[in-house]
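Residue numbers (the working numbering), protein chains in the order written: chain H, 0 to 424; chain G, 1021 to 1332.
All remarks here apply to the structure that follows.
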Amino acid sequence: MRDLLITNARLLDPASGLDGPGALLVRGGVVAELGPGLVAPEGAETLDAGGACLAPGLVDLRANLGEPGAEHRETIASAALAAAAGGITTLCVLPDTDPALDDPALLSFVIRRGEATGSVALLPYGAATAGCAGKELAELGLLREAGAIAFTDGARAIGSARMMRIALSYARAFGAFVVQHPEEPSLAGGGAATEGELATRLGLPGIPPAAEAMMVARDVALARLTGGHVHFAHLSTGAALDLVRAAKAEGLRVTCDTAPPYFDLNETAIGDYRTYAKLSPPLRTEADRQAVVAALADGTIDAIASDHQPRDADDKRLPFAQAEAGGAGLATLLGVTLARVHGGDLSMLAALALLTCRPAALLGLPVGRLAVGAPADLVLFHAERGWKVEAGKLPGKAQNSPFDGRALEGRVLGTWKAGRRVFGA
Amino acid sequence: MSHPSKHLLAIEGLEPPHIADLLDLAESYALLNRSGKTQRDLLKGRTLINLFFEDSTRTRTSFELAGKRLGADVINMSVSTSSVNKGETLLDTASTLNAMQCDLLVIRHAQSGAPALLSQKVDAAVINAGDGTHEHPTQALLDALTIRRHKGRLEGLIVAICGDIAHSRVARSNIHLLGTMGARVRIVGPPTLIPADAARLGVEVFTDMRAGLKDADVVMMLRLQRERMAAGGLVPSAREFFRFYGLDAEKLALAKPDSIVMHPGPMNRGVEIDSAIADHPTRSVIGEQVEMGVACRMAVLDILARRLPRNR
């Protein structure tokens, strides 16, 4: 592979705080040099970035893919296309597939399928419990050896306090955290939208926002009890974020992420029974959306994940309560996050940190930064160039974007995985 | 003021003149029906399909009668719930209906929003005959017409809607209609059967039925589904419900002496209403509600038919 010099770029490395003009030299799949005034070595390919932003490739902390078991929704290959188009070079995938990733052989299968894409590092979570059914502990040690980055039951909350205690406690031995879908199932079961005025008007069964906070409160107590590390997925309410803020101040091993819908949309997006905006957790009130934005800004939230949940038309063209929850998120992860930069809520570096070095640090990965010797996982994007999200025209198979029709500023121009261009001309 | 939409999916969103137009027209149909001169050629050549995904004798028959009195060809399609475990059937049905060149489609479905979804896919004018726990617009119209005939107005009246508000589409449509027309709406029931943030719908919420009935002009009882009292249900037992939230003579005495009692049917006698009240010769207007149901549905069919293309 020839050396590649990307010149005339705005170099953005949130890990070091770098934000300045310069060039970056890729050699042998890693970053060889970066900074202002670099000269192209002989024989190197050069690319004039035209002043666009060059940042570490995005580390997506959580996506659900259809493979294995629901390939009609998305395959690993189709998700890899969408990820590359979205600037994502590391993709952490959930284990609640069919079958669930609760066996080392299944995990190895997914890893191999990921390697075959050549465009994205696919890192699977292991199931926390057998079949992600919440009843018996999965073989966490063997799964960890096979490459599990952490453990979770994916979209299914670990409902039993005893089961969660065991998982948190046992996972410590293997240096892994447990990701919880924070929703008390006995309170949220059967619900389709956030309980409140809108759900009452639409006649939809409600999920009280407290279902999230009480699960967070319970698991914070279990983290305190076990010394284990709990990570809360897609937090969406101010009450839950307050609990995480307090747990962090106490010094507990508690981390969390959120996803773009929860800081960009509120519950009104489901008006007129728009099933593309049916998500789990459900979209919340405007006050909760603002609380999520505040928690992004003050550092309480450790990462922004795409929360990609592919659904096909048959899953969504149903009466609202019967439609499947979940939104496609890979292609819009960067653009929707940048909207908070343009809106003045986050600095460019803080926003990128939530998409790169902070999730990488959580997972102990050497990616997510522009540094000499680091893998040349890169995304080149134009921060102001506009585009419109259109379901039906998104990369990959899944078209169920809750942002359908949304105008975004921030367009990915190119993506490189270990120095190889995987997206953009 | 002409009706604002091709369909009638909900009361919410209608403005006072739209509702007044429908009620005035329904009133004239009520008089016509009583005179016996009801058959007209208004919907001659039009096809009305009653598409019921939930059992309902009363509402389906009422729409059938309304359509026939206006000269439409009326077809009843009952879709057994067992074959509709998934809603794909709903959109499959839509393409079938388009092929049949249906003009007016009356739909009842257990899922909130199902008529709205169907309205996006069919050519016909869609009339919501009850969807899940969302709305039941023609029920609210017939209730309002019944009230207006007895009280001469809606504005300023105190209307107490009692019972299982949370799961009632009748309650929601009535809250929207009566509130829009200037009535003071109260909802009365145990906290477990009051929907979240109900007060934001512009009503006063009462968990004490005696307080809720005080000085009411209209007492509207709702049906309590048996499953709400099953194990793990929202109320402990039928007898406890009747004790605190059932309408009997003693509680009704707190309402205005000339107040009327309504029920959308079918009634659970001895659960939400005492038989003596349900059958009361002067206070109960439950029979008249059924009569007004036909008139209101004629008015709705008439108004929506005006927006249909003349020839298909």
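Beta carbons: idealized from backbone N, C-alpha and C, even for Gly.
All values reported here derive from a predicted model rather than from experimental measurement.
Exercise for the section: Please work out which residues of its chain come closer than 7 Å, Cβ to Cβ, to Ala-129/H, disregarding the five sequence neighbours upstream and downstream, and give them in chain order. Expected result: Asp-101, Glu-135, Ala-137
Handout entry: Segment limits, alpha helix (DSSP H) that includes Gln-321/H
Key = For Gln-321/H, there is no enclosing alpha helix (DSSP H), as DSSP marks it with neither H nor E.
Practice task
Could you check what DSSP says for Val-253/H in three-state terms: helix, strand or coil?
Solution key: strand
Exercise for the section: Identify which residue in Arg-1089/G, Pro-1286/G, Ile-1195/G has its Cα closest to the Cα of Glu-1155/G. Expected result: Answer by Cα proximity: Ile-1195/G.
Problem - Ile-269/H: first and last residue of the uninterrupted alpha helix (DSSP H) it sits in - result: Per DSSP, Ile-269/H belongs to no alpha helix (DSSP H) and is neither H nor E.
Problem - chain H within 7 Å of Pro-1157/G, Cβ atoms only - result: no
Practice task
May I ask which residues mark the beginning and end of the beta strand (DSSP E) holding Phe-1226/G?
Solution key: 1224-1226 is the extent of the beta strand (DSSP E) around Phe-1226/G.
Exercise for the section: Report back the beta-carbon spacing between Ile-206/H and Asp-256/H to the nearest angstrom; my notes put them in contact at under 8 Å. Expected result: Not really, about 20 Å apart at Cβ, beyond 8 Å.
Handout entry: Neighbourhood of Ala-1218/G by C-beta, 8 Å cutoff - its chain only, sequence neighbours within 5 removed
Key = Answer for Ala-1218/G: Ile-1185, Ile-1207, Val-1225, listed in chain order.
Problem - Per-residue burial, Ser-1102/G [other beta carbons within 10 Å of its own, 16 or more giving buried] - result: Since pLDDT at Ser-1102/G reaches only 48, below the 50 mark, its modelled position is unreliable, and the value read off the structure follows with that caveat. Label assigned to Ser-1102/G: exposed.
Exercise for the section: Verify the CB distance criterion: does Leu-1137/G have a CB-CB separation below 7 Å to chain H? Expected result: Taking CB atoms only, Leu-1137/G has a neighbour in chain H less than 7 Å away.
Practice task
For Leu-1274/G, name the three-state secondary structure that DSSP assigns.
Solution key: coil
Practice task
Mark Gln-1121/G as exposed unless 16 or more other C-beta atoms lie within 10 angstroms of its C-beta, in which case mark it buried.
Solution key: exposed
Practice task
Report the neighbours of Glu-194/H on chain G: residues whose CB is nearer than 9 Å to its CB, in chain order.
Solution key: Here the neighbours are Pro-1215, Ala-1216, Asp-1217.
Practice task
For Ser-1115/G, return the contacting residues in chain B, with the cut-off set at a CB-CB distance below 9 Å.
Solution key: In the structure shown, chain B cannot be found, because the protein chains are H and G.
Practice task
Verify the CB distance criterion: does Ala-1145/G have a CB-CB separation below 7 Å to chain H?
Solution key: no
Problem - Neighbour flag for Thr-1166/G against chain H, beta carbons, 7 Å - result: Any Cβ of chain H closer than 7 Å to the Cβ of Thr-1166/G would place that residue at the interface, and such an atom is absent.
Handout entry: Cβ neighbours of Lys-1276/G in the same chain (closer than 7 Å, five flanking residues each side left out)
Key = Asp-1235, Ala-1236, Asp-1237
Problem - Assigned exposure category for Glu-66/H - 16 Cβ within 10 Å defines buried - result: With at least 16 other beta carbons inside 10 angstroms of its own, Glu-66/H counts as buried.
Exercise for the section: For the region 1183-1199 of chain G, enumerate the residues whose C-beta is nearer than 7 Å to any C-beta of chain H, in chain order. Expected result: Arg-1189, Arg-1192
Practice task
Report yes or no: do three or more beta-carbon pairs, one from the region 221-236 of chain H and one from the region 351-360 of chain H, lie closer than 8 Å?
Solution key: Because the criterion of three Cβ pairs below 8 Å is not met, the region 221-236 of chain H and the region 351-360 of chain H do not touch.
Problem - Same chain only: Cβ atoms within 6 Å of Leu-60/H, ignoring 5 sequence neighbours per side - result: Cys-91, Asp-256, Ala-302, Ala-304, Pro-358
Problem - Start-to-end residues for the beta strand (DSSP E) that takes in Ala-54/H - result: 52-55
Practice task
Measure the C-alpha to C-alpha separation of Ala-1296/G and Ile-1039/G and round it to an integer number of angstroms.
Solution key: 33 Å
Exercise for the section: Compare the C-beta of Gln-1131/G against all C-beta atoms of chain H and say whether one is closer than 7 Å. Expected result: yes
Practice task
Flag Arg-1220/G as yes if its beta-carbon sits less than 7 Å from any beta-carbon of chain H, otherwise no.
Solution key: yes
Exercise for the section: Spell out the partners DSSP gives Arg-1204/G in its beta bridges. Expected result: Partner(s): Ile-1178/G.
Exercise for the section: Kindly give me the distance between the Cβ atoms of Gln-1140/G and Gln-321/H, rounded to whole angstroms, as I take these residues to be in contact under 8 Å. Expected result: Not quite, the Cβ-Cβ distance comes to about 16 Å (not below 8 Å), so this is no contact.
Problem - Of the listed residues Gly-395/H, Ala-172/H, Ser-346/H, nearest to Asp-311/H (C-alpha basis) - result: Here the closest residue by C-alpha is Gly-395/H.
Practice task
List the residues that DSSP assigns as beta-bridge partners of Thr-414/H.
Solution key: Val-378/H, Phe-422/H
Exercise for the section: Starting from the beta carbon of Asp-271/H, find every residue of chain G whose beta carbon is closer than 9 Å, and list them in chain order. Expected result: Gly-1133, Ala-1136
Exercise for the section: Please report the Cβ distance between His-1163/G and Met-1282/G, rounded to the nearest whole angstrom; I am assuming they are in contact, meaning their Cβ atoms lie under 8 Å. Expected result: Note on identity: in this sequence residue 1163/G is Asp, with His being the wrong assignment. Contact holds; Cβ gap of about 6 Å.
Problem - Where Pro-1024/G falls, given that 16 or more other Cβ within 10 Å makes a residue buried - result: With fewer than 16 other Cβ atoms within 10 Å, it is exposed.
Problem - Element boundaries [beta strand (DSSP E), containing Asp-1093/G] - result: 1093-1098
Exercise for the section: Report yes or no: is there a C-beta of chain G within less than 7 Å of the C-beta of Pro-401/H? Expected result: no
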